[in-house]
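Notes for the one structure printed next.
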Amino acid sequence: MVPYDSASVLLTNGLEMEIVGAHGFENKNQIIGLRFAVTAQTPNKVIYETLEPYILSDAQQEYSEFRKPQHKHIHGWMGIPLIFQNRLIGMLTLDSRTPGRFNENHARLASAFANQVAIALENARLFEETQRLAAIDSLTNIYNRRAFMELARAEFERSRRYHKYLSILMFDVDHFKQVNDTYGHLIGDQVLQIAAFICQQNLRSADIVGRYGGEEFIILLPETRIHSHSEQPEKYESRPAYTVAERLRKTIAQNIMATSAAEIRITISMGLAEIEPEHTTIETIIDNADQALLQAKSQGRNRIVIYNHPQNHA
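To convert, count from 1 in the sequence shown and add 622; that's my numbering.
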């Protein structure tokens, strides 16, 4: 049994650490998620370099870091490395209000526990990474179709439940077959990667972007209408879906894509649709957006068409 008043679990990321677990702190929620550099001013640096437990009899006297207000209760301190396959993945730290609280026997007991923690954390990380890779399109690094549809269905149900708006934007690269035929599939792949990157750079974190198939992309914009409605501006997203679509269209059209073989300019055709009261599935909205996309292509490409609306923009 190791006596302590508070404890933390930290994970390493290069020379940076993040607190992912905490116990015994009054401000626990404020502590979790904090990141800090591993420097000579902290005892973590010793553990980082030696991969051995480190005990401080009175942290207040030995490191100025502990004299900060948030650490004023810490006197006895012990840090235990979390090691997996001879690699430091994090640390377990134990704090005490009593100076000299920890000894070598405590370090041995805590190290045995830390070994189990390290295995559990690494297994969790590997599972999370496996889940992430299963959801990501390996070429473009955005959601694959299956993962996008799972997220889209959940967002659709949320929108219906809380009477929120939702828009779907679909686009594909104009004359993509010609790009492949002229430059080869490797360059075609690079064009898709750049298009996906531009999407990510021009969307909110709440927006969902996926590769729907081939050169076709799909974007879900939560709580967003196609056009703004000035009569009730407080209820609607200040950035309408049409504005997002037009910015993407222009950005891609104006971008010179520097591939490994040549500098290429491309355009995209886009279809837009939004949730309607009669919609019962997300697939209906996607089908509407897809129909609008087909119209955009048939009307000359490099334009946006809104489902059930004749307006388009070139």
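Idealized CB from N, CA, C, for every residue including glycine.
Keep in mind that this is a model prediction, so the values were computed, not measured.
If you count every other CB in all the chains shown that lies within 10 Å of the CB of Gly938, and 16 or more means buried, which is it? The structure shown has nothing for residue 938, since the chain only spans 623 to 936.
Segment contact, 8 Å Cβ cut-off, at least three pairs: the stretch 799-806 with the stretch 919-930: They do not touch, by the three-pair rule.
Under a Cβ-count criterion, where at least 16 other Cβ atoms within 10 Å of its own Cβ denotes burial, should Tyr834 be classed as buried or exposed? Buried, because 16 or more other Cβ atoms sit within 10 Å of the Cβ of Tyr834.
Whether Ser789 touches Glu896 by CB criterion (8 Å): Between Ser789 and Glu896, the C-beta gap is smaller than 8 Å, which places the two residues in contact.
Ordered along the chain, which non-local residues of its own chain (more than five positions away) have a Cβ less than 8 Å from that of Arg689? Correct list, in chain order: Gln682.
Report the residue ranges of all alpha helix (DSSP H) runs contained in full by the stretch 791-860; include only those spanning at least 4 residues, in chain order. Given a length threshold of 4 residues, each whole run of the alpha helix (DSSP H) inside the stretch 791-860 is given here in chain order: 798-805, 807-823.
To the nearest angstrom, how far is the alpha carbon of Trp794 from that of Ser882? According to the sequence provided, residue 794 is Asp. The question's Trp does not apply to it. Their backbone Cα atoms lie some 22 Å apart in a straight line.
Using only the alpha-carbon positions, how far apart do Gln823 and Leu870 sit? Straight-line measurement puts the Cα of Leu870 at about 10 Å from the Cα of Gln823.
From the beta carbon of Ala757, is the nearest beta carbon of chain D less than 8 Å away? Judged by its chain identifiers, the structure shown contains no chain D, having just a single protein chain.
Pro703 versus Pro675: straight-line alpha-carbon distance, rounded: Here the alpha carbon of Pro703 sits roughly 6 Å from the alpha carbon of Pro675.
Going residue by residue through the stretch 624-663, where are the continuous beta strand (DSSP E) segments of at least 3 residues, counting only ones entirely within it? Runs of the beta strand (DSSP E) inside the stretch 624-663: 628-635, 638-645, 657-659.
Could you check whether the stretch 727-747 touches the stretch 755-767, counting it as contact only if at least three pairs of C-beta atoms, one from each stretch, sit closer than 8 Å? Taking 8 Å as the limit for Cβ pairs, the verdict is that the stretch 755-767 does not touch the stretch 727-747.
Would you kindly report the start and end of the unbroken alpha helix (DSSP H) that includes Glu751? Per DSSP, Glu751 is one residue of the alpha helix (DSSP H) stretching across 726-757.
Report the option in Ser850, His697, Leu894 whose CA atom is closest to the CA atom of Leu791. Among Ser850, His697, Leu894, the Cα nearest to that of Leu791 belongs to Leu894.
CB of Ala566 within 8 Å of CB of Gly832, strictly: Any property of residue 566 remains undetermined from this structure, which presents the chain solely from 623 to 936.
Between the stretch 770-780 and the stretch 740-753, can you find at least three pairs of beta-carbon atoms closer than 8 Å? Cβ pair count under 8 Å is below three, so no.
Do Thr762 and Leu814 have their C-beta atoms within less than 8 Å of each other? A contact, by the Cβ cut-off of 8 Å.
Near Ile908, what residues of its chain come up, given a Cβ to Cβ distance below 8 Å and the 5 sequence neighbours on each side ignored? Once the five neighbours on either side are set aside, the close Cβ partners of Ile908 are Ala774, Ile790, Met792, Ile840, Ala895.
Relative to the alpha-carbon of Tyr864, which residue among Ser850, His697, Met700 has its alpha-carbon at the smallest distance? Nearest option by C-alpha distance: Ser850.
So which of Gly646, Leu678, Ser686, Leu710 has the shortest CA-CA distance to Met700? Comparing Cα positions, the closest option is Leu678.
Measuring straight from C-alpha to C-alpha, what distance separates Asp811 and Val739? The alpha-carbon atoms of Asp811 and Val739 are separated by roughly 42 Å.
Return the CA-CA distance between Glu640 and Ile654, expressed in angstroms with no decimal places. Just so you know, the alpha carbons of Glu640 and Ile654 end up roughly 8 Å apart.
Taking Cβ positions, are Gln663 and Glu684 nearer each other than 8 Å? No, Cβ-Cβ distance for Gln663 and Glu684 is not below 8 Å.
Please report the straight-line C-alpha distance between Ser827 and Pro844, rounded to a whole angstrom. If I take the Cα positions, the gap works out to 11 Å.
I'd like to know whether the C-beta atoms of Leu808 and Asp829 end up nearer to each other than 8 Å. The Cβ atoms of Leu808 and Asp829 do not sit closer than 8 Å to each other.
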